[in-house]
Every structure is written in structure tokens, then in C-alpha cells.
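Chemist:
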Amino acid sequence: MSDPADVFDLVGLTEYEATALEQLLSLGRTTAPNLAEASGIPKARVYGVLESLSDRGFIKVVPGRPKEYQPKSPEEILDRAVENHRQSYESFAADVESHRDAFLAEYGPRFERASEDISPTAELFHVVDVGEPSERETRRLYDDADETLRVITNSFAYLDSVERALAETLDRGVEVSVLFLHPDRLPAEKAAVQADIVDRLRDDYAAVDLRFSTEKLPWRGTLVDPSMDYDSGEAILLVEEPDVPNHMRQAAITDNGSFVAGMKRYFDLIWEYESVASPTQT
Numbered sequence: 012m013s014d015p016a017d018v019f020d021l022v023g024l025t026e027y028e029a030t031a032l033e034q035l036l037s038l039g040r041t042t043a044p045n046l047a048e049a050s051g052i053p054k055a056r057v058y059g060v061l062e063s064l065s066d067r068g069f070i071k072v073v074p075g076r077p078k079e080y081q082p083k084s085p086e087e088i089l090d091r092a093v094e095n096h097r098q099s100y101e102s103f104a105a106d107v108e109s110h111r112d113a114f115l116a117e118y119g120p121r122f123e124r125a126s127e128d129i130s131p132t133a134e135l136f137h138v139v140d141v142g143e144p145s146e147r148e149t150r151r152l153y154d155d156a157d158e159t160l161r162v163i164t165n166s167f168a169y170l171d172s173v174e175r176a177l178a179e180t181l182d183r184g185v186e187v188s189v190l191f192l193h194p195d196r197l198p199a200e201k202a203a204v205q206a207d208i209v210d211r212l213r214d215d216y217a218a219v220d221l222r223f224s225t226e227k228l229p230w231r232g233t234l235v236d237p238s239m240d241y242d243s244g245e246a247i248l249l250v251e252e253p254d255v256p257n258h259m260r261q262a263a264i265t266d267n268g269s270f271v272a273g274m275k276r277y278f279d280l281i282w283e284y285e286s287v288a289s290p291t292q293t
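One point on numbering: in our numbering, the residue at position 63 of the sequence shown is 74, and numbering is uninterrupted.
1) From the DSSP secondary-structure annotation, give me the bridge partner or partners of L36.
2) Which residue's Cα is closest to the Cα of R260: L190, R183, G23, V139?
3) For the candidate residues D220, P77, N95, E33, whose alpha-carbon lies nearest to that of E283?
4) Evaluate contact between the segment 150-162 and the segment 219-239, counting only Cβ atoms and requiring at least three cross-stretch pairs below 8 Å.
5) Cα separation between S65 and V72?
6) Using a Cβ-Cβ cutoff of less than 6 Å, which residues in the same chain neighbour A272 once the five nearest sequence positions on both sides are dropped?
7) Which residues in the same chain as I70 place their Cβ atom closer than 8 Å to its Cβ, once the five residues preceding and following it in sequence are excluded?
8) When burial is assigned at 16 or more other CB atoms within 10 Å of the CB, is Q205 buried or exposed?
9) Give a yes or no on whether the C-beta atoms belonging to K227 and R276 are separated by under 8 Å.
10) Give a yes or no on whether the C-beta atoms belonging to R183 and S286 are separated by under 8 Å.
11) In the DSSP assignment, what are the bridge partners of V162?
12) Using 10 angstroms around the beta-carbon of T293, count the other beta-carbons present and answer buried if the total reaches 16, otherwise exposed.
13) Apart from the five residues on each side of it in sequence, which residues of its chain come closer than 8 Å, Cβ to Cβ, to A178?
14) By a C-beta neighbour count over all protein chains shown, 10 Å radius and 16 as the cutoff for buried, is S50 buried or exposed?
15) Against chain D, does A178 count as a neighbour if the rule is that its beta carbon must be under 8 Å from one of theirs?
16) Are the CB atoms of L190 and I163 nearer to each other than 8 Å?
17) Is the separation between the beta-carbon of V185 and that of L212 shorter than 8 Å?
18) Using the three-state DSSP reduction, which class does R211 fall into: helix, strand or coil?
19) In the DSSP assignment, find the alpha helix (DSSP H) that holds F136 and state where it starts and stops.
20) If we ignore side chains and look at the alpha-carbon of each, how far apart do A105 and P253 end up?
21) Buried or exposed: where does E158 fall if 16 or more other Cβ atoms within 10 Å of its Cβ makes it buried?
22) Please name the residue, chosen from D279, N267, S224, V93, that lies closest to S166 on a Cα-to-Cα basis.
23) Which value, in whole angstroms, describes the spacing of the CA atoms of D266 and R111?
24) What beta strand (DSSP E) runs, 3 residues minimum, are completely inside the segment 65-124?
25) Quick one: what does DSSP say A217 is sitting in, helix, strand or coil?
26) Excluding the 5 residues preceding and the 5 following K54 in the sequence, name in chain order all residues of the same chain whose CB lies nearer than 8 Å to its CB.
27) Measuring CA to CA, which of L192, L249, L115 is closest to L289?
28) Is N77 buried or exposed, if buried means 16 or more other CB atoms sit within 10 Å of its CB?
29) Would you mind giving the Cβ-Cβ distance between R330 and R40, rounded to the nearest angstrom? I have them listed as a contact below 8 Å.
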């Protein structure tokens with residue numbers, strides 16, 4: 012996030028609320044008329060804006076004639092924003108849970124009837140758009156991993172979006188291996204991104220095993236907990252299509268044990284015979 016003021020949008024403030032809070036952080040304790048004059052917020056709106064900010068815990072109301080309004084410290088504002096979202100999530104989760112039994116009783120049988128004619132082949136994959144949907148599914152796989160997690164990637168440029176899940180996966184004792192494409196096979200810009208990511212992993216997540224494929228990788232993705240008995244495992248994969256922009260691409264997701272086992276064998280062969288331990292090796 013390049014602009015600190017972007018936080019106001021992040022925590023869900025309206026334009027007037029963001030303007031009011033930003034002005035208060037500069038003015039300190041003041042009255043509603045003074046704030047309206049300083050910020051350009053219409054006087055007819057400023058009291059409602061201040062009430063909303065008070066309800067969220069971002070400002071204090073000081074009784075008196077007239078009332079005055081004082082901002083909380085920036086640190087308190089951020090902490091309260093997180094707490095507000097936590098409480099909102101817990102309320103949402105409780106609401107969903109209260110409907111669970113009735114929802115499952117009504118729609119479970121419908122789903123089962125509609126799925127009776129779907130063949131195992133038809134269930135081999137389903138797809139999601141590349142971007143936030145695919146990153147969300149990738150985080151889910153990290154969260155589901157019990158024993159092993161393997162990543163095939165060019166530069167792992169999406170590390171920021173999965174870092175929380177990666178840290179928790181390692182904390183559970185899951186074995187994590189990342190197979191990068193060798194930087195010699197990347198454009199200079201992507202090689203620089205990869206170098207930064209590799210440094211972060213080595214500094215912050217030393218338990219992650221890293222190697223670098225010396226040959227082109229036809230696909231990239233994540234696979235977790237494959238079994239050579241073909242009875243478990245999940246994966247998400249994206250085939251290489253250099254001429255197709257990311258916003259037009261889709262990632263395939265599978266929990267077919269046989270397919271995931273095949274992906275494991277591919278990963279292991281590249282790891283053992285066509286990769287090096289350092290990007291400086293060729």
C-alpha cells in the first residue's frame with residue numbers, strides 16, 4: 012500500500028468519514044462546526060459523520076456546550092479497525108451457523124440428486140479465474156495440508172497473498188518444498204522479483220526447501236498430501252500460456268488422488284534430476 016491514506020478505504024470509511032478523520036488527526040480536539048469549516052463537509056452532514064466515527068471507536072466525544080470531538084491515536088484506530096472486523100466476522104459466522112442445519116436439510120438432498128449422474132471423469136477438475144479466486148484456493152490448500160506441500164512456480168511473486176497461510180503451514184510441521192524456474196530462464200524483471208522472494212524465504216522461512224529447475228516448466232501450481240495409493244491429495248495448477256494475459260486465464264483444481272500422485276511424480280523427477288540447489292548454479 013503506497014499511500015497511508017489508503018487505510019481509510021481499507022477500513023470501510025465513506026469519503027466524508029475519511030475526510031473528517033484525517034482532518035481530526037491534524038486538528039486534534041475540536042467542535043463539529045470547526046471541523047465542517049476545515050474539511051468542507053456540509054454542516055448538515057458533519058454530525059452524522061462524527062457519530063459514525065464515534066460508533067466505530069475511532070474518535071472520542073467530549074461532553075460540553077458545545078460538544079468536542081477528539082481522534083484516537085493512529086495506533087488505536089488501526090487496532091480498533093481490526094477488532095471491529097473480527098467482531099463482524101464472528102457475528103457473521105454465528106448467523107451462518109444458526110442456519111446450517113436447516114440449509115443442509117433443504118439443499119443437501121437437492122445437490123445429491125442433481126449430482127447422481129456426474130461421472131468420475133467429469134469431476135476430475137473444476138476451474139477458477141486466475142487472480143484473487145485462484146489465490147484464495149491456493150491459501151485453502153495451504154490450510155488443508157497435513158504432511159507435505161509442494162509448489163512449482165516461476166518467481167513466487169504471489170508470496171504476499173499466501174504468506175499467512177505459509178507461516179501457519181510451517182508451524183504445523185508440514186514439509187514445504189518450492190521448485191522455482193531457474194532465473195536464467197526468466198526475463199530480467201521477473202528474475203529480480205524471484206531473487207527478492209528467495210531472500211525472504213531463506214531469511215524468514217528457513218525450513219522451506221528450495222530448488223531451481225534448469226528446464227522449462229510446462230505448468231505451475233501447488234499440490235498437497237499426495238498419496239501413492241491414489242486415495243488422497245489436492246492440487247491447483249496453471250499451464251503456461253505466455254500469450255494469454257492473466258485476467259483471461261483460469262486455474263484447474265483437482266482432488267483426484269491418481270492425478271495428484273502423477274503430479275507428485277513429475278515434481279519429484281524434476282526436483283531430483285533437472286534442478287539445482289542455488290540460482291547461481293546451472
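By construction, the Cβ of each residue, glycine as well, lies at the ideal position given by its N, Cα and C atoms.
Note that this is a predicted model, so its numbers are computed, not measured.
Modeler: Working from what's here:
1) Here residue 36 corresponds to residue number 25 of the sequence shown, with the count starting at 1. Bridge partners of L36: none, in fact.
2) Walking along the sequence shown from the start, residue 260 turns up at place 249. Of the candidates L190, R183, G23, V139, the one whose C-alpha sits nearest the C-alpha of R260 is V139.
3) Within the sequence shown, the letter at position 272 stands for residue 283. For E283, the closest of D220, P77, N95, E33 by C-alpha to C-alpha distance is D220.
4) A contact exists between the segment 150-162 and the segment 219-239.
5) Within the sequence shown, residue 65 is the residue found at index 54, counting from 1. Within the sequence shown, residue 72 is the residue found at index 61, counting from 1. Straight-line Cα distance between these residues: approximately 7 Å.
6) For the purposes of this step, residue 272 is taken as residue 261 along the sequence shown, with counting starting at 1. Around A272: P237, M239, Y241.
7) As a working mapping, residue 70 is identified with position 59 in the sequence shown. Around I70, the same chain offers L32, L35, L61, L64, Y80, Q81, P82, K83 as residues with beta carbons nearer than 8 Å, after the five sequence neighbours per side are excluded.
8) The residue labelled residue 205 in the question sits at position 194 within the sequence shown. Buried.
9) Your numbering for residue 227 matches position 216 in the sequence shown. Your numbering for residue 276 matches position 265 in the sequence shown. Taking C-beta atoms as the reference points, K227 and R276 fail to come closer than 8 Å.
10) Mapped onto the sequence shown, residue 183 falls at position 172. Mapped onto the sequence shown, residue 286 falls at position 275. Taking 8 Å as the cut-off, the Cβ atoms of R183 and S286 do not count as close.
11) As a position in the sequence shown, residue 162 is number 151, starting the count at 1. Beta-bridge pairing links V162 to V189, T233.
12) Counting from one through the sequence shown, the residue named residue 293 turns up at place 282. The residue is exposed, with fewer than 16 neighbouring Cβ atoms inside 10 Å.
13) On the sequence shown, residue 178 is found 167 positions in, with the first residue counted as 1. Excluding positions up to five away in sequence, the list reads Y216.
14) Taking the first residue of the sequence shown as 1, we reach residue 50 at position 39. S50 should be labelled buried.
15) Although the question refers to chain D, the structure presented lacks it and comprises just one protein chain.
16) Against the sequence shown, residue 190 aligns to sequence position 179. Against the sequence shown, residue 163 aligns to sequence position 152. Yes, Cβ-Cβ distance for L190 and I163 is below 8 Å.
17) Start at 1 with the first residue of the sequence shown, and residue 185 comes out as number 174. Start at 1 with the first residue of the sequence shown, and residue 212 comes out as number 201. Cβ atoms of V185 and L212: not closer than 8 Å.
18) Translated into the one-based positions of the sequence shown, residue 211 becomes position 200. It is helical.
19) On the sequence shown, residue 136 is found 125 positions in, with the first residue counted as 1. Neither: F136 is in no alpha helix (DSSP H) and is coded neither H nor E.
20) Numbered from its first residue, the sequence shown carries residue 105 at position 94. Numbered from its first residue, the sequence shown carries residue 253 at position 242. For A105 and P253, the distance between alpha carbons rounds to 45 Å.
21) Position 147 of the sequence shown, counted from the start, is the residue given in the question as residue 158. E158 should be labelled exposed.
22) Position 155 of the sequence shown, counted from the first residue, corresponds to residue 166. Cα-wise, what sits closest to S166 is S224.
23) Position 255 of the sequence shown holds residue 266. Position 100 of the sequence shown holds residue 111. The straight-line gap from Cα to Cα measures roughly 25 Å.
24) DSSP runs (the beta strand (DSSP E)) wholly in the segment 65-124: 70-73, 79-82.
25) Position 206 of the sequence shown, counted from the first residue, corresponds to residue 217. Correct three-state label for A217: coil.
26) Numbered from its first residue, the sequence shown carries residue 54 at position 43. Its chain contains A43, P44, A47 as the residues whose beta carbon lies nearer than 8 Å to that of K54, once the 5 sequence neighbours on both sides are disregarded; these appear in chain order.
27) Your numbering for residue 289 matches position 278 in the sequence shown. It should be noted that the sequence gives Ser, not Leu, for residue 289. Closest option to S289, Cα to Cα, is L192.
28) Here residue 77 corresponds to residue number 66 of the sequence shown, with the count starting at 1. Residue 77 is actually Pro in this sequence, not Asn. The residue in question, P77, is exposed, as its Cβ has fewer than 16 Cβ neighbours within 10 Å.
29) Residue 330 falls outside the range modelled here, since the chain spans only 12 to 293, and no answer is possible.
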